[in-house]
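Quick note on numbering: the sequence shown equals residues 10 to 359 in the working numbering.
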Amino acid sequence: MTTQTLTPGARTELPTSTEAAVLHGALDIRIENKPLRPLGPTDVLVEMRSGGICGSDMHYYADGRNGTNVLTQPTVLGHEGAGMVIAAGSDASVAAGTAVVIEPALPCRECPTCLSGRYNLCPSGTCFGSPPTDGLFARHVVVPEAAVHVLPAAIPAEIGAAIEPLAVAVWAVERAQVRAGHRVLITGAGPIGLLVSQVAAANGATEIVVTDVNDDRLALAPRFGATRTINTATAPLDLTNMDRLIECSGNTHALAAGIQTLAPAARATVVGQARPTVDGIPLGFLQRYEIDLVTAFRYANAFPTAIKLASSGAVDLPSIITATYPLESAEAALTAPITDPTNLKVLITF
Ligand SMILES: [Zn+2]
Ligand SMILES: [Zn+2]
């Protein structure tokens, strides 16, 4: 391992290369040594402690693509990650030894959308781990200081990666405008659906119905705030006058059926990855009852709230983590949620 020049206050020897999980194509992930970008004045060097497997990582691994984004060159996977800062650039203020979670969005920060605060919608923005931008499944990463959030002692970096999906849930509930006393339907009992359930409960929802087609997953839902579960493969969706639908499964039928349970002037929020075009959405029903149909894409300014919810215990972050694998076993980690559907959040540890 070679080293780069000393930064004041940093360790004497900093790595200039690192081991990473590099996706070369569908079903072809390799642990390789990659050069590290030199530390710029506003960068921090993070020694990773946890990386979370997300549905998008599983799609890239299985198919070499996720939605419209296709892998065209070897790319380090991973957009959920936390670790310890071990060195900071001359203009960065986070001290070495600080535990941080990395917010993976890389917006331009200059366009009207970014300046309005909705940086998740930046037309030229990218994201760590979204090919061709290298991601976080590496022993070390150099990232802009603006991309890190300091973790309090209550959230060790070893589980800090799970803050990212919690930020997705925080933004989903924000977009859904869940209020105290609401009756909320959540379709999909995966990690996002169950985190949404916890955040909705923290927001004061008094009735939370979680649906899925897998009984084992549904069995976990009460622990995450669900007051009732329905397996829609075997039982009718016998709900009326719900205040909110938060669709977390990506399933078009779940969205269409969920909308039909809503009360006049209610709100439906699409969080699960949507198909490019969709038939079967009851548009006339939406209009007749002025039901708002909105979408959520990643998150904007949601990490601070996610960190507060997890550190206060309002959200039980450790319970969402069901398996951990070392970096060398990245391939097993990427398939674990398929092999065992009761796996919620699978972490890579370093
Ligand atoms: Zn994710
Ligand atoms: Zn922008």
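Quick reminder that beta carbons are idealized off the backbone N, C-alpha and C, glycines included. Values in this document were obtained by computation on a predicted structure and should not be read as measured data.
- Spatial neighbours of R307 in its own chain (CB-CB distance under 6 Å, excluding positions within 5 residues in sequence) are listed in chain order as N129.
- With a cut-off of 8 Å, the C-beta of V177 is classified as near ligand 1, since at least one heavy atom of the ligand falls inside that distance.
- In this structure, S65 has its beta carbon less than 8 Å from a heavy atom of ligand 1.
- Annotated three-state conformation of S59 is strand, per DSSP.
- Of the residues assessed, S59 falls on the buried side of the cut-off, its CB having 16 or more other CB atoms within 10 angstroms.
- In the DSSP annotation of this structure, the continuous segment of the alpha helix (DSSP H) that includes Y69 starts and ends at G64 to D72.
- Cβ contact annotation for I201 (same chain, cutoff 7 Å, sequence separation greater than five): P174, V177, A178, C257 and V280, in chain order.
- Sequence-distant partners of A181 (beyond 5 residues in either direction) whose C-beta falls short of 7 Å from its own C-beta, in its chain, are V205, I255, T278, V280 and A305.
- With a minimum length of 4 residues, the unbroken runs of alpha helix (DSSP H) contained wholly in the region 259-298 fall at 261-268 and 292-297.
- Ligand 2 has a heavy atom closer than 8 Å to the beta-carbon of T122.
- Buried is the label assigned to V150, since at least 16 other Cβ atoms lie within 10 Å of its Cβ.
- When rounded, the separation of the alpha-carbon atoms in A311 and F294 is 32 Å.
- A direct Cα-Cα distance of roughly 7 Å separates V94 from V53.
- Shortest gap from the CB of G61 to any heavy atom of ligand 1: under 8 Å.
- At a Cβ-Cβ threshold of 9 Å, Q269 and P245 do not count as neighbours.
- In the DSSP annotation of this structure, the continuous segment of the beta strand (DSSP E) that includes E28 starts and ends at S26 to G34.
- Taking C-beta separations shorter than 7 Å and ignoring five residues to either side along the sequence, the partners of S328 in its chain run R232, following chain order.
- In the DSSP annotation of this structure, the continuous segment of the alpha helix (DSSP H) that includes V177 starts and ends at I172 to A185.
- Inclusion of T236 and E216 in the CB contact set at 9 Å is warranted, their separation being smaller than that value.
- Residue environment analysis places Q207 among the buried positions, since at least 16 neighbouring C-beta atoms fall within 10 angstroms of its C-beta.
- Straight across, the Cα-Cα distance linking S321 with G106 is about 23 Å.
- Scanning G267, A104 and R127 for the CA closest to the CA of A114 turns up R127.
- Put simply, the backbone Cα of D66 is about 23 Å away from that of T286.
- Taken atom to atom, the span from the alpha-carbon of T84 to that of L248 is near 45 Å.
- In this structure, the beta-carbon distance from V219 to A230 falls below 9 Å.
- With 16 or more other CB atoms across the displayed protein chains lying within 10 angstroms of its CB, T27 is buried.
- One thing to note: M57 has its Cβ within 9 Å of the Cβ of R148.
- If you ignore the 5 residues before and after V152, its C-beta comes within less than 7 Å of the C-beta of D52, V53, V55 and I111, all in its own chain and listed in chain order.
- Per DSSP, the unbroken alpha helix (DSSP H) holding P200 starts and ends at P200 to A211.
- In this chain, the alpha helix (DSSP H) harbouring L343 covers A339 to T348.
- The Cβ atoms of G87 and V79 lie no closer than 9 Å to each other.
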